[in-house]
Amino acid sequence: MPCQELQHAEAIRRSVYTLDKKLPVDQEKITAMIGHTVLHAPSVFNCQSTRVIVLFGEEHEKLWELAKEALTSIVACDQFGQKRQQVDKFKKAAATVLFFEDKSAIRGLQTNFPAYADLFPTWSAQTNAMVQYAIWVKLASAGIGANLQHYNPMIDEYVAAEWSIPDSWQLYAQMVFGGIAGPADDKELDPLEHRFKVFGSNLKVSETV
Ligand SMILES: Cc1cc2nc3c(=O)[nH]c(=O)nc-3n(C[C@H](O)[C@H](O)[C@H](O)COP(=O)(O)O)c2cc1C
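The sequence shown: position 86 = 86 (UniProt numbering), numbered continuously.
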């Protein structure tokens with residue numbers, strides 16, 4: 001893919017919350033796109049610790065019904081209506097990607113490289129985030145809208161029971177996706193000047209993008 005196409009995909013990737021079930025790409029292609037990222041993404045010490053599950057259709061709706069159930073046990077009554085509306089919005093989308101880290105892979109690294117033991121949980125989260133981001137950009141490039149949610153750990157037990165998740169898999173994030181039925185919110189971009197520096201070149205930062 002030429003760099004400009006990749007940059008375009010990065011720029012159109014947004015948090016899209018108004019989603020529907022009309023996917024512009026068939027499920028087989030989406031599954032292949034996601035699997036490709038899981039296969040090729042970088043990981044700390046090449047431990048390949050990220051695990052991914054895609055829930056389409058009724059399975060996706062089941063997830064958000066379970067989230068609603070989990071919410072009732074922890075959210076105060078006055079906030080429940082608002083939270084339920086949010087979850088109902090997710091249900092209107094086509095699918096959800098669940099992102100996990102396999103803690104057994106991370107524990108193995110901690111045993112084999114004790115000098116870094118404290119750092120592996122952070123690197124594991126970063127490994128997972130790389131997969132999340134690559135999938136988000138790829139979905140955007142295919143005209144699919146998505147948003148990223150963190151209903152874990154509230155839904156962990158429900159998810160583990162429903163989809164027979166191994167004990168060592170820890171849920172990190174949920175990416176809801178579907179057809180784009182409404183635009184993303186406006187977003188102001190903080191200028192690059194104070195968040196990006198280049199040394200050893202005469203270029204101004206604005207000339208590098
Ligand atoms: C680590 C991380 C956690 C996030 N968690 C949530 C979340 O729980 N719920 C949500 O709606 N958006 C979440 N987001 C999305 C951000 O709010 C969003 O990316 C940011 O506001 C910029 O908007 P954009 O995605 O449209 O560029 C998260 C993003 C990141 C990088």
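The beta carbon of each residue, even a glycine, is placed where N, CA and C say it ideally should be.
Given the structure is predicted, the values throughout are model-derived calculations rather than measurements.
* Secondary structure, beta strand (DSSP E): runs of 3+ residues fully inside the segment 25-76 -> 50-56
* To do: Any chance you could list the residues with Cβ under 6 Å from a heavy atom of ligand 1, keeping chain order?
  => Arg14, Ser15, Asn147, Leu148, Gln149, His150, Ala184, Lys187
* Asked: Going by beta carbon distance, what residues of the same chain come within less than 6 Å of Val25, once the five residues before and after it are set aside?
  -> Ala142
* **Touching by the beta-carbon criterion (3+ pairs, under 8 Å), the segment 143-160 and the segment 12-19** => yes
* To do: Use the C-beta contact count for Glu101: other C-beta atoms within 10 angstroms, 16 or more gives buried, fewer gives exposed.
  => buried
* Asked: On the three-pair Cβ rule with 8 Å, is the segment 123-138 touching the segment 154-161?
  -> no
* Nearest-angstrom Cα separation, counted from Lys204 out to Glu193 -> 9 Å
* **Of the listed residues Ser168, Ala161, Tyr158, Ala140, nearest to Met175 (C-alpha basis)** => Ala140
* To do: Report yes or no: do the segment 79-86 and the segment 39-49 share at least 3 C-beta pairs separated by less than 8 Å?
  => no
* Asked: How far does the beta strand (DSSP E) with Phe99 in it reach, from first residue to last?
  -> 95-102
* CB-CB under 8 Å to Thr72, same chain, minus the five flanking residues each way: which ones, in chain order? -> Phe80
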